[in-house]
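Just below is one structure, and these are the notes that go with it.
2 protein chains.
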Amino acid sequence: MKSEALVLINGERSSNINVMDRGLHYGDGVFRTLKIDSGRVRWWADHFRKLAEDCAALAIPCPEEQVLVSEVNQLAAEPAVGVIKIIVSRGAGQRGYTIQAGAETTRVVMGFPASRHENQDVRVRWCDLRLASQPKLAGIKHLNRLENILSRSEWTDPDIAEGLLMDEAGFVICGTMTNLFIVEKNKLFTPDISRSGVAGVTRGRIMRMAKQRGQTVHVDKITRERLLAADEILLCNSLVEVWRVAELEESYWPDAGWAEKLRSWLNENN
Amino acid sequence: MKSEALVLINGERSSNINVMDRGLHYGDGVFRTLKIDSGRVRWWADHFRKLAEDCAALAIPCPEEQVLVSEVNQLAAEPAVGVIKIIVSRGAGQRGYTIQAGAETTRVVMGFPASRHENQDVRVRWCDLRLASQPKLAGIKHLNRLENILSRSEWTDPDIAEGLLMDEAGFVICGTMTNLFIVEKNKLFTPDISRSGVAGVTRGRIMRMAKQRGQTVHVDKITRERLLAADEILLCNSLVEVWRVAELEESYWPDAGWAEKLRSWLNENN
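Chains as they are written, first to last, in the numbering used here: chain A, 975 to 1244; chain W, 975 to 1244.
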């Protein structure tokens, strides 16, 4: 593991975290995954805004932007770093669920090699696991990610890039690590994530960029049948950017051009 | 913090854990909280059986019992230790939800001072948060505990010992850190936890001890109205053992004798 050299914990190079950290004990924190392009962080303003929102939602004091920027840039300057992950947890605490006053937030900034497979056509599958409904946590990119792990462990075939998840009511919500858009008659739709799922930065950018072009992205309930009948299915996150679903179990989609359109939107105004 | 001296990580005295541990990144692990009584661990067989079950449910290799026994006893022998917490996580991994083959489980054994407030009459309240329904995780004492933290943060009054939680359908499930029993006409009932909540060891012991005495504990759906009409309301976990609910917002219960009965059951056959 090279993590020794490429991790900053509260600003110090370290590969170890206090065992009493509430991130470990309870998943009591939030995270971000950033793409680094030639030493430069992409979409920082969006990522920091979302980090601050997620911290606020859990009443975790958010690190100051300038402190994080400096730490992120320090790792982004390393040639081996193509991805940076930030974890902000409520910090080390005593045993027990009670949030103690005055606990100091832990910030972890980690550098990783670039991820592959961005902007591709992909093959996907359905997951059996149904996402639980928790309005108090939906949208937040928090550290309680067992649903993602269990659903991702439903397949091992490396040719399958992603699994699609429904909620208990049978509405399609997202992939295990991506947000979802569908296109119907030249209109963009994305699932309602007020009860489960994560409000990803890439999803947010696509919605904003669409609006700037006079296109509305409709937030809607999307059934399995409706998804299968869509003209195009797109998946996104900050690393893979936009994946076009070419194959979903027994169904196939020719390229209708929306993936390229969304990619070009995303890559303006970095 | 005295944690330096009272923590074993994979058998070594240490207060730091690898920052790449999946327990931190995803809450990808399980835990146990044990009471230590005069240097002796209470209900070890029950705790280890449950730990092994929970590990199996998440496909995490469980540490060998003899290894854990030796580590737990090492800390239990310290006079300052009245509580031991065990965390077993899937271990350090690469970035991403995929479970890598061959990752080595992390086991953390931590000693803490004794907890207070065992076997008391308590005042409790209702929590606003409704527990999400996730059959694939219900029952497991895993590290995804944000619902517990958010619900525990709903009150700060130190005279309120616990908050009661309902699921989305309005059925009472548990407290933020306890399991629940009610008594109706000399019959014991406990909520169905197949969709949310934790199958605690103390709950399991009470059910087993009841059975040995020819008493059945009925697993049932319990509404708020039914709970309020019960003859007795009891809360339990391995540290507080059995709390009798004396007061719940505007309702009061005189002691009907069941708390003492359950305590005597629990304390046989240690």
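Just so you know, even glycine gets a beta-carbon here, dropped at the ideal spot from N, CA and C. Quick caveat, the model's predicted, so the values are computed rather than measured.
Item checked: Spatial neighbours of A/His-1116 in its chain, beta-carbon cut-off 6 Å, leaving aside the 5 residues before and after -> Here residue 1116 of chain A is taken as the residue at index 142 of the first sequence, counted from 1. Result list for A/His-1116: Val-1004, in chain order.
Notebook entry, point to check: If you draw a straight line from the alpha carbon of A/Glu-1039 to that of A/Leu-1049, how long is it in whole angstroms?
Noted result: In the first sequence, counting from the first residue as 1, residue 1039 of chain A sits at position 65. In the first sequence, counting from the first residue as 1, residue 1049 of chain A sits at position 75. Taking the straight line joining both Cα atoms gives about 16 Å.
Notebook entry, point to check: Applying a beta-carbon distance threshold of less than 7 Å, which residues of chain A neighbour W/Asp-1002?
Noted result: The count along the second sequence starts at 1 and reaches residue 1002 of chain W at position 28. Within chain A, the residues near W/Asp-1002 are Leu-1120, Ile-1123.
Check: What are the boundary residues of the beta strand (DSSP E) that A/Asn-1211 is part of?
Finding: Along the first sequence, read from residue 1 onward, the residue named residue 1211 of chain A stands at position 237. Residues 1206-1211.
Notebook entry, point to check: What do you reckon, are the CB atoms on W/Gly-985 and W/Glu-1045 nearer than 8 Å?
Noted result: In the second sequence, the residue the question calls residue 985 of chain W occupies position 11. In the second sequence, the residue the question calls residue 1045 of chain W occupies position 71. A contact, by the Cβ cut-off of 8 Å.
Note to self: Suppose only complete runs of 4+ residues qualify. What are the alpha helix (DSSP H) ranges in the region 1173-1200 of chain W, listed by chain order?
What the structure shows: 1175-1186
Check: Can you name, in chain order, every residue of its own chain whose Cβ lies under 8 Å from the Cβ of A/Cys-1036, other than the five neighbours on each side?
Finding: Numbered from its first residue, the first sequence carries residue 1036 of chain A at position 62. Here the set comprises Leu-1025, Ala-1026, Cys-1029, Ala-1030, Val-1062, Thr-1079.
Check: Under a CB-based cut-off of 8 Å, is W/Glu-1078 close to chain A?
Finding: Indexing the second sequence from 1 puts residue 1078 of chain W at position 104. Not closer than 8 Å to any Cβ of chain A, the Cβ of W/Glu-1078 fails to qualify, so no.
Check: Taking Cβ positions, are W/Asn-1118 and W/Gly-1001 nearer each other than 8 Å?
Finding: Within the second sequence, the letter at position 144 stands for residue 1118 of chain W. Within the second sequence, the letter at position 27 stands for residue 1001 of chain W. Going by C-beta atoms, W/Asn-1118 is nearer than 8 Å to W/Gly-1001.
Next item on the list: Give every residue of the same chain whose Cβ lies closer than 7 Å to the Cβ of A/Arg-1198, excluding the five residues on either side of it in the sequence, and list them in chain order.
Entry: Stepping through the first sequence from its first residue, residue 1198 of chain A is reached at position 224. Cβ neighbours of A/Arg-1198 beyond the five flanking positions: Met-1140, Gly-1144, Val-1146.
Margin query: What residue range does the alpha helix (DSSP H) around A/Leu-1049 cover?
Written below: Residue mapping note: residue 1049 of chain A aligns to position 75 of the first sequence, counting from 1. Where A/Leu-1049 is concerned, the enclosing alpha helix (DSSP H) stretches over 1039-1050.
Next item on the list: Rank W/Glu-1206, W/Ser-1212, W/Val-1214 by C-alpha distance to the C-alpha of W/Glu-1221 and give the top, closest one.
Entry: One-based indexing of the second sequence puts residue 1221 of chain W at position 247. The shortest Cα separation from W/Glu-1221 among W/Glu-1206, W/Ser-1212, W/Val-1214 belongs to W/Glu-1206.
Check: Between the C-alpha atoms of W/Met-1181 and W/Trp-1239, what's the straight-line distance to the nearest angstrom?
Finding: Locating residue 1181 of chain W in the second sequence gives position 207, counting from the first residue. Locating residue 1239 of chain W in the second sequence gives position 265, counting from the first residue. About 10 Å.
Notebook entry, point to check: Beta-carbon of W/Thr-1152 versus every beta-carbon of chain A: anything under 8 Å?
Noted result: Indexing the second sequence from 1 puts residue 1152 of chain W at position 178. Cβ-Cβ to chain A under 8 Å: no for W/Thr-1152.
Margin query: Determine whether the beta carbon atoms of W/Ala-1233 and W/Ser-1170 lie at a separation below 8 Å.
Written below: Working through the second sequence from its first residue, we reach residue 1233 of chain W at position 259. Working through the second sequence from its first residue, we reach residue 1170 of chain W at position 196. The answer is no: Cβ separation not under 8 Å.
Check: Quick one: Cα of A/Gly-1067 to Cα of A/Gln-1074, how far?
Finding: On the first sequence, position 93 is the one that residue 1067 of chain A refers to. On the first sequence, position 100 is the one that residue 1074 of chain A refers to. The alpha-carbon atoms of A/Gly-1067 and A/Gln-1074 are separated by roughly 7 Å.
Margin query: Just to confirm, is the Cβ distance from W/Val-1304 to W/Trp-1217 under 8 Å?
Written below: One cannot answer for residue 1304 of chain W here, as it falls past the ends of chain W, which runs 975 to 1244.
Next item on the list: Assign A/Gln-1186 to buried or exposed, taking buried as 16 or more other Cβ atoms, counted over all protein chains shown, within 10 Å of its Cβ.
Entry: Stepping through the first sequence from its first residue, residue 1186 of chain A is reached at position 212. The residue is exposed, with fewer than 16 neighbouring Cβ atoms inside 10 Å.
Next item on the list: State the Cα-Cα distance for the pair A/Phe-1086 and A/Val-1055, rounded to the nearest angstrom.
Entry: Locating residue 1086 of chain A in the first sequence gives position 112, where the first residue counts as 1. Locating residue 1055 of chain A in the first sequence gives position 81, where the first residue counts as 1. Rounded to whole angstroms, A/Phe-1086 to A/Val-1055 spans 5 Å at the Cα level.
Notebook entry, point to check: DSSP on W/Ala-1135, reduced to helix/strand/coil?
Noted result: For the purposes of this step, residue 1135 of chain W is taken as the residue at position 161 of the second sequence. Three-state DSSP puts W/Ala-1135 in coil, outside helix and strand.
Next item on the list: Tell me, please, whether the CB atom of A/Phe-1145 is closer than 8 Å to any CB atom in chain W?
Entry: Within the first sequence, numbered from 1, the residue matching residue 1145 of chain A stands at position 171. Cβ-Cβ to chain W under 8 Å: no for A/Phe-1145.
Next item on the list: Please compile the residues from chain A whose C-beta is within a distance smaller than 9 Å of the C-beta of W/Val-1082.
Entry: Working through the second sequence from its first residue, we reach residue 1082 of chain W at position 108. Correct list: Val-993, Leu-998.
Notebook entry, point to check: Beta-carbon separation of W/Leu-1124 and A/Asp-995 under 8 Å?
Noted result: Position 150 of the second sequence holds residue 1124 of chain W. Position 21 of the first sequence holds residue 995 of chain A. No, the Cβ-Cβ distance between W/Leu-1124 and A/Asp-995 is not below 8 Å.
Item checked: Residues in the region 1048-1081 of chain W having any Cβ partner in chain A nearer than 9 Å -> Val-1057, Lys-1059, Ile-1061, Ser-1063, Arg-1064, Ala-1066, Gln-1068, Arg-1069, Gly-1070, Tyr-1071, Thr-1072, Ile-1073
Notebook entry, point to check: When the Cα atoms are used, what is the spatial distance from W/Ser-1168 to W/Pro-1109?
Noted result: Here the question's residue 1168 of chain W lines up with position 194 in the second sequence. Here the question's residue 1109 of chain W lines up with position 135 in the second sequence. Answer to the nearest angstrom: the Cα atoms are 6 Å apart.
Margin query: Give me the DSSP bridge partner(s) of W/His-1116.
Written below: Position 142 of the second sequence holds residue 1116 of chain W. Looking at the DSSP assignment, W/His-1116 forms a beta bridge with W/Val-1004.
Item checked: Pair within 8 Å by beta-carbon distance, A/Arg-1126 and A/Glu-1223 -> The residue you call residue 1126 of chain A lines up with position 152 of the first sequence. The residue you call residue 1223 of chain A lines up with position 249 of the first sequence. For A/Arg-1126 and A/Glu-1223, no; Cβs fall outside 8 Å.
Check: Should A/Glu-978 be labelled buried (16 or more other beta-carbon atoms within 10 Å of its own) or exposed?
Finding: If you number the first sequence from 1, residue 978 of chain A lands on position 4. Interpretation of A/Glu-978 is limited by its pLDDT of 47, a score under 50 that renders its predicted location unreliable; the figure taken from the coordinates is listed afterwards. Exposed is the call here.
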